[in-house]
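Residue numbers (our numbering): -6 to 158.
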């Protein structure tokens, strides 16, 4: 298991270990670093970037830290966070700069992805024989995922530099 992230929020008072690590974990899930690659969580944002706190409480890593689905504890630590905004209903949160990560409705509805992200893996139990590199097609057959070419684009006056290997 990877190490637990430390909170982004700097508090002027100590937290017990559970709250400290839950805060770090949920701030990581809602960070720009994670959201840039986490299609599972982005699909669950509403059109104004809000994500249900009860959803975050179901993620395996959070459940391990809280001893089960403890929505109240997750809500409590999110209220301390300087990295997220709490909805007035106290039922959902959103990251600052959320506009960059809201998906268009057609992607949310039709753009299903078989590739599991960090929060999706955290929300789903691990089963023996499960591999995240296999995709199931409509005909029910599984196929190994092909590796995509990675293109690095370096800024410059000449436009871009394509450094494919």
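Using N, Cα and C, we set each Cβ at its ideal position, and we do this for glycine too.
On a predicted model such as this, the values are computed, not experimentally measured, just so you know.
Status (buried if at least 16 other CB within 10 Å, exposed otherwise) for residue i
i	result
residue 0	buried
residue 136	For residue 136, the pLDDT reaches just 40, beneath the cut-off of 50, and the residue's location in the model is therefore unreliable, leaving the point undetermined.
residue 89	exposed
residue -6	exposed
residue 9	exposed
residue 120	In this predicted model, residue 120 has a pLDDT of only 39, less than 50, meaning its place in the structure is not dependable enough to derive any value.
residue 118	Below a pLDDT of 50, predicted positions are generally treated as unreliable, and residue 118, at 46, falls in that range; no measurement from the model is reported.
residue 29	exposed
residue 4	exposed
residue 38	buried
residue 93	exposed
residue 70	buried
residue 52	buried
Segment limits, alpha helix (DSSP H) that includes residue i
i	result
residue 20	10 to 22
residue 35	32 to 36
residue 54	53 to 59
residue 92	Per DSSP, residue 92 belongs to no alpha helix (DSSP H) and is neither H nor E.
residue 164	Coverage of the chain is limited to positions -6 through 158, which leaves residue 164 absent and any answer about it impossible.
residue 63	No alpha helix (DSSP H) contains residue 63, which DSSP labels as neither H nor E.
residue 28	25 to 28
residue 47	46 to 50
Cβ-Cβ separation, residue j to residue i (assumed contact under 8 angstroms), whole Å
i	j	result
residue 18	residue 58	6 angstroms
residue 41	residue 74	Rounded, the Cβ-Cβ distance is 18 angstroms, inconsistent with contact.
residue 23	residue 64	Contact doesn't hold; Cβ gap of about 16 angstroms is too wide.
residue 14	residue -3	5 angstroms
Start and end residues, beta strand (DSSP E) containing residue i
i	result
residue 78	77 to 79
residue 87	85 to 88
Interface flag, residue i vs chain C, CB-CB below 8 angstroms
i	result
residue 21	As a matter of chain content, chain C is missing from the structure shown, which is built from one protein chain.
For the stretch 80 to 97 against the stretch 40 to 53, are there 3 or more C-beta pairs whose distance is under 8 angstroms? yes
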